[in-house]
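Engineer:
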Amino acid sequence: MAAKKTESAPGSAPESAAEPNPKIIQRVKELRQKIRLHNRLYYQQDNPEIPDSEYDKLFRELQALEQQYPALYSSSSPTVRVGSQPLDAFHKVKHAQRMLSLQNVFTEKELEAFDKRLCKALEVDSVEYVAEPKLDGLAVSLRYEQGILVQAATRGDGSTGEDITENVRTIRSVPLKLSGDFPEILEVRGEVFMPRSGFARMNEELRKADKKTYANPRNSAAGSLRQLDSRITAARPLDIYCYALGLCSDGFDLPAHHYDRLQWIKTLGFPVNDLIEVLTGVKACERYYQNIGKLRDGLDYDIDGVVYKVNSIAHQQELGFVSRAPRWATAHKFPAQEQLTVIEDIDFQVGRTGALTPVARLKPVEVAGVIVSNATLHNMDEIERKDIRIGDTVIIRRAGDVIPEVVSAVVSERPKSAKKVQLPARCPVCDSAVERNESEAVARCTGGFACGAQRKEAMKHFASRKAMDIDGLGDKLCEQLLDAELIRDPSDLYDLSAAEVADLERMGQKSADNLIAGLEASKKTSLARFLYALGIREVGEATAASLAAHFGDIEPLKQATLEALINISDIGPIMAGHIHAYFQRPENLDLVQRLIEAGVHWETAAPTVTSDALNGQVFVITGTLSNMSRDEAKAALQALGAKVTGSVSKKTDYLVAGEKSGSKLSKAESLGVKILDDEAFKALLAKYA
Ligand code: IVH
């Protein structure tokens, strides 16, 4: 909630403190209740009811009253979220109940052995498990007395941790005061983590301020929790998921199953991960592991495996512990995404827009099942900030389909011979001058289309699936056609004959015919795809779709002034500058002309010029749409004045649900949100086109 940044730290109390009258006491109580309610709606249910400005008003009124009447201070007031005066050191805390660790399994075979042991010990055929994502953050124990958070501690060595109460109080999803029915004393354990989105934003801010960035969300969460000044922690985007109970006072009837305990703590106000499931038998666990593995890259938090826990507490007690870990649970780890290796050299690769990307040539190393021998270093600033040198031992990270990257250097391992890299003055491919704009981190080859590397990348981009989608023209063939000088720019593609293509190495008549057919089919396209295919700097799919919706055809876009471009929503001045510059250059206009003359065409549309037909209506898009990407659909809706958000809530007016819609569809159904399938969505767009 952006506006919540305006919260300021509580000031010191005035010297002669006034006594609060009953009306004031009542008002403070009311404000605290309201703010708690809105915190819950915002942070736990993603469903805010009041605007940020309204929330701020309530918050500031409460802060002012608490400052005026120090007698009303309460450690569970929502105002403590902003942090307080720095501590000198963290105090030690002895855990009332040890914080355990987990045994690990890495393979299905090990998992099956684990399950077999449990079946045998419990004398059952199959065990009921609770399967949970294993969050990659820091374990904390939260202690509540009479429903008020009184202490938060790190795990430490399991018996003794550190008191980080002040810091944990600033985490907005940690309840300061419990709701519902709870025991006098309750300890809840969970994992504090930094969401990936928050981590990226925070690192970006640190980078802008020329400060040291964090290597990953886990380190960043750890660094943020270990601040002696909780006001710093308060500014960090931390979050928590709770997954276990610690001490609970006698006489309180706890549910007899782990899963039900999690559901119960949820009602008290603790966030519990929504991917947790009850499963029976080891095969179901394996399926869960595979599924979560597939979801892993799309989650907004890091996980390093899944955890299986025996659901029945009676069974847990029967199984007991081995040294520091319970026998009734195990972590099933994913292959590590980070490994150590050595940088043997650093080269520069030239991209489609001429950007020079430093690439580390590595001593090959297996990361998450794949041998990695190259990793990106992004740009020169990044190399300097991370102080990475040739010869360094470095951490390599490969997550999902993302290109492997160098996370950091292990400075203690640096050999004397380690060498810093210099930005080359000339392009390593075409020898044109390399230029580095003051305001940009990126250095570029000035060769443009004359640079072989830029030409190759531009051609691959033109042919790619989201651009002209030319069937039969993959990256390799693009390179071959250029190397054989059969083409120089995209318009030459449409002059190719099957005979000359068939002559190329590893090509035959059939693949040549396929290419020619693919080229022919690609001529019928959309303006959005065509604009995207041109590879104008900064113009991605979504921008191309906005431009297409706005102008309807290419002529008005070619004529558009810089001001007109800036005025289009979603297009900032830098992007507008690139678009405008592109259509000023004769060689680009010439290319567009030749492509049109070769037969590339699209259906023109009346320019929408940002209509307000759907003004203020809130849309969510999910699943796969039949003939447009989600970005295109988003741009089309925005062009009609609609707001497009990422998650379904009571505020959502429409859910556009394509093929394979999942949880968003069920949530929308349960909230009674109007649902548009592919056809209905097309009809809606057509109505306003
Ligand atoms: S349960 C009695 N559940 O993993 C078992 N731990 O390797 C106590 N962790 O220290 C832990 N996600 O920091 C549990 N869903 C989850 C977890 C989880 C992450 C961490 C936790 C613990 C470590 C053990």
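Residue 1282 is where the sequence shown starts when you use our numbering, and the numbers rise one by one after that. No residue lacks a Cβ here, since even glycine has one placed at the ideal position from N, Cα and C. Please read all numbers here as calculations on a predicted model, not as lab measurements.
1. Which residues mark the beginning and the end of the alpha helix (DSSP H) in which isoleucine 1594 is found?
2. Run the proximity test for lysine 1614: is its beta-carbon closer than 7 Å to any non-hydrogen atom belonging to the ligand IVH?
3. Enumerated in chain order, which unbroken segments of the alpha helix (DSSP H) with a length of 4 residues or greater are wholly contained in the segment 1653 to 1739?
4. What are the complete beta strand (DSSP E) segments, minimum 3 residues, inside the segment 1862 to 1906?
5. Using beta-carbon positions only, say whether glutamate 1485 and glutamine 1378 come within less than 8 Å of one another.
6. Following a CB-centred definition, is glutamate 1413 positioned closer than 7 Å to any heavy atom of the ligand IVH?
7. Relative to the C-alpha of aspartate 1959, which candidate in Asp1417, Gly1632, Gly1904 has its C-alpha closest?
8. For a test of your reading of the model: does the CB of glutamate 1781 fall under 7 Å from any non-hydrogen atom of the ligand IVH? Yes or no.
9. Where do the ends of the alpha helix (DSSP H) carrying proline 1837 lie?
10. Going by DSSP, what residue range makes up the alpha helix (DSSP H) through asparagine 1795?
11. Run through the DSSP bridge pairs and tell me what asparagine 1385 is partnered with.
12. According to the neighbour-count rule (16 or more other Cβ atoms, all chains shown, within 10 Å of its Cβ), is phenylalanine 1533 buried or exposed?
13. Since phenylalanine 1480 is in the beta strand (DSSP E), which residue starts that stretch and which ends it?
14. Got a sec: does the ligand IVH put a non-hydrogen atom nearer than 7 Å to the Cβ of arginine 1542?
15. Indicate the three-state DSSP secondary structure (helix, strand or coil) for histidine 1831 in the structure shown.
16. Report the option in Leu1312, Arg1787, Ser1778, Phe1474 whose CA atom is closest to the CA atom of lysine 1338.
17. Reducing DSSP to helix, strand and coil, say where alanine 1294 ends up.
18. Mapping the DSSP letters down to three states, classify glycine 1527 as helix, strand or coil.
19. Is the separation between the beta-carbon of leucine 1506 and that of isoleucine 1584 shorter than 8 Å?
20. Between which two residues does the beta strand (DSSP E) harbouring isoleucine 1624 extend?
21. Pull up the distance between the alpha-carbon of leucine 1763 and that of valine 1587, whole angstroms please.
22. Any beta carbon of chain B sitting closer than 8 Å to that of threonine 1611?
23. Say yes only if the C-beta of tyrosine 1582 is nearer than 7 Å to one or more non-hydrogen atoms of the ligand IVH, and no if none qualify.
24. Thinking just about the alpha-carbon of each residue, which of Arg1810, Ala1823, Ser1478 is nearest to the one in isoleucine 1835?
25. For proline 1607, verify whether its CB is less than 7 Å away from any heavy atom of the ligand IVH.
26. Does any heavy atom of the ligand IVH sit closer than 7 Å to the C-beta of leucine 1774?
27. Jot down the residue ranges of each uninterrupted beta strand (DSSP E) in the segment 1426 to 1475, minimum 3 residues, whole runs only, in chain order.
28. Under 7 Å Cβ to Cβ from tyrosine 1589, same chain only, skipping five residues before and after it: list those, please.
29. Assign proline 1414 to one of three DSSP states: helix, strand, or coil.
30. Using CA coordinates, which residue listed in Val1363, Tyr1582, Ala1734, Gly1574 is at the minimum distance from phenylalanine 1480?
31. In chain order, what residues of the same chain lie with their CB nearer than 6 Å to the CB of arginine 1769, ignoring the 5 residues before and after it?
32. For valine 1901 versus threonine 1926, is the C-beta spacing smaller than 8 Å?
33. Just checking, does the segment 1445 to 1460 make contact with the segment 1361 to 1378 on the three C-beta pairs under 8 Å criterion?
34. Taking aspartate 1520 as the reference, give the member of Ala1783, Arg1499, Ala1537 with the closest Cα.
35. Following the continuous beta strand (DSSP E) through aspartate 1784, name the residue where it begins and the one where it ends.
36. When the Cα of glutamine 1314 is compared with those of Arg1678, Tyr1540, Pro1456, Gly1943, which residue comes out closest?
Structural biologist: Here's the rundown:
1. For isoleucine 1594, the enclosing alpha helix (DSSP H) covers residues 1594 to 1600.
2. No.
3. List check, alpha helix (DSSP H) in window: 1661 to 1667.
4. If we require 3 residues or more, the beta strand (DSSP E) runs fully inside the segment 1862 to 1906 come out as 1899 to 1903.
5. Pairing glutamate 1485 with glutamine 1378 gives a Cβ-Cβ distance that is not under 8 Å.
6. True, at least one ligand heavy atom lies under 7 Å from that Cβ.
7. Checked all of Asp1417, Gly1632, Gly1904; the closest Cα to aspartate 1959 is Gly1904.
8. For the ligand IVH, not one heavy atom lies less than 7 Å from the Cβ of glutamate 1781.
9. Note, proline 1837: alpha helix (DSSP H), 1835 to 1840.
10. Asparagine 1795: member of the alpha helix (DSSP H) spanning 1790 to 1803, first to last residue.
11. Residue pairing for asparagine 1385: DSSP places it in a beta bridge opposite Ala1612.
12. Exposed, since its Cβ has fewer than 16 Cβ neighbours within 10 Å.
13. Secondary structure note for phenylalanine 1480: it is in no beta strand (DSSP E), and the uninterrupted alpha helix (DSSP H) holding it is 1477 to 1489.
14. Result no, Cβ not under 7 Å from the ligand IVH.
15. In this structure, histidine 1831 counts as helix in the three-state DSSP scheme.
16. The shortest Cα separation from lysine 1338 among Leu1312, Arg1787, Ser1778, Phe1474 belongs to Leu1312.
17. Residue placement at alanine 1294 is poorly supported in this model, since its pLDDT is 41, which falls under 50; the coordinates still yield a value, given next. Coil at alanine 1294, not helix or strand.
18. In the three-state reduction of the DSSP assignment, glycine 1527 falls in the strand class.
19. Not a contact, by the Cβ cut-off of 8 Å.
20. First-last of the beta strand (DSSP E) with isoleucine 1624: 1619 to 1631.
21. A straight line joining the alpha-carbon of leucine 1763 with that of valine 1587 spans about 48 Å.
22. No chain B appears in this structure, which consists of one protein chain only.
23. Checking the Cβ of tyrosine 1582 against the ligand IVH gives no.
24. Isoleucine 1835 has its Cα closest to that of Arg1810, out of Arg1810, Ala1823, Ser1478.
25. It does: the Cβ of proline 1607 is within 7 Å (strictly closer) of some heavy atom of the ligand IVH.
26. It does not: the Cβ of leucine 1774 is nowhere closer than 7 Å to a heavy atom of the ligand IVH.
27. The qualifying runs are 1429 to 1435, 1441 to 1443, 1466 to 1474.
28. Around tyrosine 1589: Tyr1410, Ala1412, Cys1566, Ala1610, Thr1611, His1613.
29. It is a strand residue.
30. A check of alpha carbon separations from phenylalanine 1480 across Val1363, Tyr1582, Ala1734, Gly1574 identifies Tyr1582 as the nearest.
31. Within the same chain, arginine 1769 has no close Cβ partners at all.
32. Yes, they are a contact pair.
33. Verdict: yes, contact present.
34. With respect to the C-alpha of aspartate 1520, the residue from Ala1783, Arg1499, Ala1537 having the closest C-alpha is Arg1499.
35. In this chain, aspartate 1784 is not harboured by any beta strand (DSSP E), its DSSP state being neither H nor E.
36. Cα-wise, what sits closest to glutamine 1314 is Pro1456.
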